[in-house]
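The working numbering applies: residue 61 is where the sequence shown begins, and numbers increase by one. Glycine included, C-beta positions come from ideal geometry on N, C-alpha and C. In what follows, a single structure is set out as structure tokens and then discussed.
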Amino acid sequence: MPPVEASTKSLIELLTRRGLRVAVAESLTGGLATAELTSVPGASAVVSGGVVAYDTAVKRSLLGVDDVLLDREGPVHPEVARQMARGVRTALAIDGRPADLGLATTGVAGPDWQGGRPPGTVYLGLSFGDGDEAEATELALSGDRAEIRRATVLALVEHALRRLGAD
């Protein structure tokens, strides 16, 4: 697995070349993904910002995640990740223009289970392009809390690189 720093630099360079902006909604990563993106010099040209939606109520109120979905499934669910990725694009719009790429993390870092899901259960959300389309990727990670959070950031960055490379 390549170091997260190399992948992050590649993502920032790709976003810069394409003139795209990214916004990040984070739950289990608690700001690590946004911190990783902004560690690259020049990131301010492409990173709109990040929302740490650690509390489920913030997922509802700021990111627009559906109340019924959260009540029925809890915050660790693929559709929650998709809605977070879509919602952060609008929540962090600049001059009325939504971010081009929305990324999201939700899951269980551990050490305890949450909502019937074991530590290492992670969903990445990605929203890109026009319309209401968004995708979710499920991860089953292992390790301690710090390792799961770090692996989530790397997977998110690499997923964004793959998705943008496919266009």
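Contact the segment 80-97 vs the segment 206-216: 3+ CB pairs below 8 Å: Short answer: they touch.
According to DSSP, is VAL100 part of a helix, a strand, or is it coil? Along the sequence shown, one-based indexing puts residue 100 at 40. In the structure shown, VAL100 adopts coil according to DSSP, grouped into three states.
Using a threshold of 8 Å, state whether the C-beta atoms of ARG142 and ALA194 are closer than that. Position 82 of the sequence shown holds residue 142. Position 134 of the sequence shown holds residue 194. ALA194 is positioned such that its CB atom lies closer than 8 Å to that of ARG142.
Between ALA151, GLY189, LEU214, PHE188, which lies nearest to LEU199 when the distance is taken from Cα to Cα? Your numbering for residue 199 matches position 139 in the sequence shown. Nearest option by C-alpha distance: LEU214.
Expected contact under 8 Å - CB spacing of VAL106 and ILE72 to nearest Å: Position 46 of the sequence shown, counted from the start, is the residue given in the question as residue 106. Position 12 of the sequence shown, counted from the start, is the residue given in the question as residue 72. Yes, they are in contact, since the Cβ atoms of VAL106 and ILE72 sit about 6 Å apart, within 8 Å.
Helix, strand or coil for ARG149? Go by DSSP, reduced to three states. Mapped onto the sequence shown, residue 149 falls at position 89. Shown here, ARG149 sits in a helix according to DSSP, grouped into three states.
LEU186: which of VAL168, GLY79, ALA220, ASP172 sits nearest, CA to CA? By 1-based counting over the sequence shown, the position of residue 186 is 126. Across the set VAL168, GLY79, ALA220, ASP172, the C-alpha of ALA220 shows the shortest separation from the C-alpha of LEU186.
List the DSSP bridge partners of GLU195. For the purposes of this step, residue 195 is taken as the residue at position 135 of the sequence shown. The partner list for GLU195 (beta bridge, DSSP) reads LEU186.
Quickly, what does DSSP pair ALA85 with across the bridge? List them, please. As a working mapping, residue 85 is identified with position 25 in the sequence shown. Beta bridge pairing from DSSP links ALA85 with VAL111, ALA164.
Could you check if SER67 is buried or exposed, using at least 16 other CB atoms within 10 Å of its CB as the buried criterion? Along the sequence shown, read from residue 1 onward, the residue named residue 67 stands at position 7. It counts as buried.
Let me check one thing: in DSSP terms, what residues is ARG157 bridge-paired to? Your numbering for residue 157 matches position 97 in the sequence shown. Under DSSP, the beta-bridge partners assigned to ARG157 are ILE154.
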